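Presented below is the structure to which this report refers.
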Amino acid sequence: AAAQEAADAAETTARKVTDDEEKLRDVLPLAEGAERAALEARHAAADLATLRRELGSGIGRPGRDVSVVAEEIHDAEEKRDGAQRKRDFKMQQLSSKKDELSQLEREHASARQRVSDEKHKAAERMNAARGAEEAANNAATLKLEAAQADEAAARYARERTDAANARDAAAADSQAEERRIVELLTEAESSQNKISSLAKAVAADEAAGRTTGVERERERLEKLNAQEAEAARRRADAQAKVDSAVQSLAEMAQTRRNLEDNLKLRQLRGELDALREKTAAARVRASPERARKLGVMLKNANKEAVAARQAREQQRGAMEAIQAGRQESAAELADRQYVDVDDKYRDMLVQLTSAELACADLDKYMKALDRALTSFHQQKMAEINSTIKELWQSVYRNQDIDKLEIRSDVDEGTNARGRSHNYRVVMTSSSGAELDMRGRCSAGQRVLASLIIRLALAESFCVTCGILALDEPTTNLDEPNAQALAEALTRLMDARRGQENFQLLVITHDEKFARSIGLREHAERYWRISKDKNQKSTIHRQDIFEG
1 AAAQEAADAA ETTARKVTDD EEKLRDVLPL AEGAERAALE ARHAAADLAT LRRELGSGIG
61 RPGRDVSVVA EEIHDAEEKR DGAQRKRDFK MQQLSSKKDE LSQLEREHAS ARQRVSDEKH
121 KAAERMNAAR GAEEAANNAA TLKLEAAQAD EAAARYARER TDAANARDAA AADSQAEERR
181 IVELLTEAES SQNKISSLAK AVAADEAAGR TTGVERERER LEKLNAQEAE AARRRADAQA
241 KVDSAVQSLA EMAQTRRNLE DNLKLRQLRG ELDALREKTA AARVRASPER ARKLGVMLKN
301 ANKEAVAARQ AREQQRGAME AIQAGRQESA AELADRQYVD VDDKYRDMLV QLTSAELACA
361 DLDKYMKALD RALTSFHQQK MAEINSTIKE LWQSVYRNQD IDKLEIRSDV DEGTNARGRS
421 HNYRVVMTSS SGAELDMRGR CSAGQRVLAS LIIRLALAES FCVTCGILAL DEPTTNLDEP
481 NAQALAEALT RLMDARRGQE NFQLLVITHD EKFARSIGLR EHAERYWRIS KDKNQKSTIH
541 RQDIFEG
């Protein structure tokens, strides 16, 4: 179990060191980015200073004026601001990574300490394994001693039983002897009292001259003394037996202690068996192969720790370089030209945000306007095509073209103007085929189509401005088509008669066409332009049908 725990701890420590090394590698790109941002800020500041000097001294490259230099300064300031923002962002990230690096250094130091502790523990466990082997070698001796202790314990148990029986018998004899001694002592005291009484009586008899009684009492006294001596002898024997019993009790106490020691020995033997089992299990786990693997893992962990230390030193060098660049950038930012740069940046940020919001609103308005214009365009194109169809079918006298129509193709351009429309005139033949009119019609058809399209456009868009001017409308028209155009214009004038601001202006050399539309019910006079004998143009007002 101890070897397994050491292996697991070594593996965990190795993984931790690897993770720390990967985190240290992650700091390198951030440091390089911060260096690039600082370098860009320095370059932008240098360019801006150069442009300012050129603007102040009026000396620059040939062909550049103040506006160009000012624009370059504005671009340089934008680049500087962008580099400054990038630098600030990188410095924030760098500060965060510095904290992470410090944390990683602390964790790395802790990991190194854990590796050292694991090495120490592994050495202790190896020593414990060797101690377990030594304990296994001593197990046989302990087993023999335990067997001998078992035999001694059995012998001591038998002796204890015999001693206990002897102690009980001796105690009973001692108690009986004590009772007998007490009785003898009581009897001796009684005899002593009697002797004292007799002595007093003898003395009295001797004084009175009574010797016979004295002799008799002397004999009794001698008997009593003999009894007292016997009682003393018995008392001494009883005391000897009591001393023997006390000695037996002391020996039994020693035997008891021996038995307790044997019981403790049995308990120790059980603990020795448990230790023997643990030793066998540890011997299995602490095999040479396992020890070799553990040594390899510790060696790898040491290598990774060395690599991590090297990476940390590299990161420390990179951090020092970044710190030096940061100090240089801070010194440059302390220049007079960067005074209040934060306030200026905030003002420009407010303007930029306002412009972005305005652009977003304008974009919404542009989309809404584009949808409205598209709808209006479709509506007007349908109205124009309807008018063109009606006029064409009423004016054109031939049967080869059934109707005309204006088609618009949407061009989603990428230029500043955005969407554009490409218009083309499509004619539908009597067979129903649709063809582009360009290059497929005669001059008269082209002129008639142009007039009809103009009339349709005027009909659709000139509602509040009723002025229609036609210059030589019958050019390239044959007589039937010219007559049909005149009739169409007549119908137009009849339809617009009620409109107050409607006015038709026709310029033509075709007098027949003029007479066809120049009815008195529409107008009373017209203007004729001619040349006099000096070839000068003159204008004469003439009444309709005046000749």
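With the UniProt record's numbering applied, the sequence shown corresponds to residues 1 to 547, in that order. Each residue gets a CB set at the ideal place from its N, CA and C atoms; glycine is no exception. All values derive from a computational prediction rather than experimental measurement.
Could you give the distance in angstroms between the alpha-carbon of residue i and the alpha-carbon of residue j?
i       : j       : result
Tyr-526 : Ala-486 : 16 angstroms
Ile-384 : Glu-390 : 10 angstroms
Asp-411 : Arg-419 : 6 angstroms
Ser-244 : Ala-238 : 10 angstroms
Met-252 : Ala-280 : 42 angstroms
His-522 : Val-395 : 20 angstroms
Asp-322 : Asn-300 : Checking the sequence, you will find Ile at residue 322 rather than Asp. Roughly 32 angstroms between the two C-alpha positions.
Met-437 : Met-493 : 29 angstroms
Ala-433 : Cys-359 : 47 angstroms
Ala-154 : Asn-258 : 11 angstroms
Asp-75  : Tyr-345 : 14 angstroms
Arg-541 : Asp-510 : 17 angstroms
Asn-225 : Arg-256 : 46 angstroms
Phe-376 : Ser-386 : 15 angstroms
Ala-488 : Asp-543 : 23 angstroms
Phe-89  : Leu-294 : 46 angstroms
Leu-268 : Gln-254 : 21 angstroms
Leu-362 : Gly-498 : 43 angstroms
Glu-189 : Val-182 : 10 angstroms
Asp-99  : Gln-310 : 19 angstroms
Gln-314 : Gln-351 : 44 angstroms
Arg-276 : Gly-270 : 10 angstroms
Gln-247 : Glu-151 : 26 angstroms
Quick check: residue i and residue j, are their CB atoms within less than 8 angstroms of each other?
i       : j       : result
Leu-435 : Val-426 : yes
Thr-428 : Lys-403 : yes
Ile-467 : Gln-445 : no
Pro-473 : Arg-397 : no
Ser-516 : Ile-529 : no
Ser-460 : Lys-380 : yes
Ile-406 : Ile-388 : yes
Leu-470 : Val-506 : yes
Gln-399 : Ser-431 : no
Ser-408 : Tyr-423 : yes
Met-91  : Arg-292 : no
Going by C-alpha to C-alpha distance, which of the options sits closest to residue i?
i       : options                            : result
Gln-84  : Ser-450, Asp-342, Gln-378          : Asp-342
Gln-103 : Lys-90, Arg-312, Ala-232           : Arg-312
Ala-229 : Val-306, Glu-260, Glu-187          : Glu-187
Ser-95  : Ala-236, Arg-440, Glu-320, Ala-250 : Glu-320
Ile-452 : Leu-333, Arg-336, His-120, Trp-392 : Trp-392
Gly-82  : Ala-176, Arg-266, Met-348          : Met-348
Ser-116 : Asn-302, Ala-240, Glu-332, Arg-336 : Asn-302
Ser-197 : Leu-221, Glu-215, Ala-232          : Leu-221
By a C-beta neighbour count over all protein chains shown, 10 Å radius and 16 as the cutoff for buried, is residue i buried or exposed?
i       : result
Phe-513 : buried
Arg-64  : Residue confidence is low: Arg-64 scores 48 on pLDDT, short of 50, so the model does not pin down where it sits. Its coordinate-derived value is still stated next. The residue is exposed, with fewer than 16 neighbouring Cβ atoms inside 10 Å.
Asn-262 : buried
Asn-534 : exposed
Lys-531 : exposed
Glu-219 : exposed
Ile-539 : exposed
Met-297 : buried
Ser-329 : buried
Glu-356 : exposed
Glu-524 : exposed
Leu-369 : exposed
Exercise for review: Quick one: which unbroken alpha helix (DSSP H) runs of 4-plus residues sit fully inside the segment 268-337? Chain order, please.
Suggested key: For the segment 268-337, the full-length alpha helix (DSSP H) segments reaching 4 residues or more read 288-333 along the chain.
Review point. Mind pulling the alpha helix (DSSP H) runs of 4 or more residues that sit fully within the segment 458-507?
Key: Whole alpha helix (DSSP H) segments, 4+ residues: 479-495.
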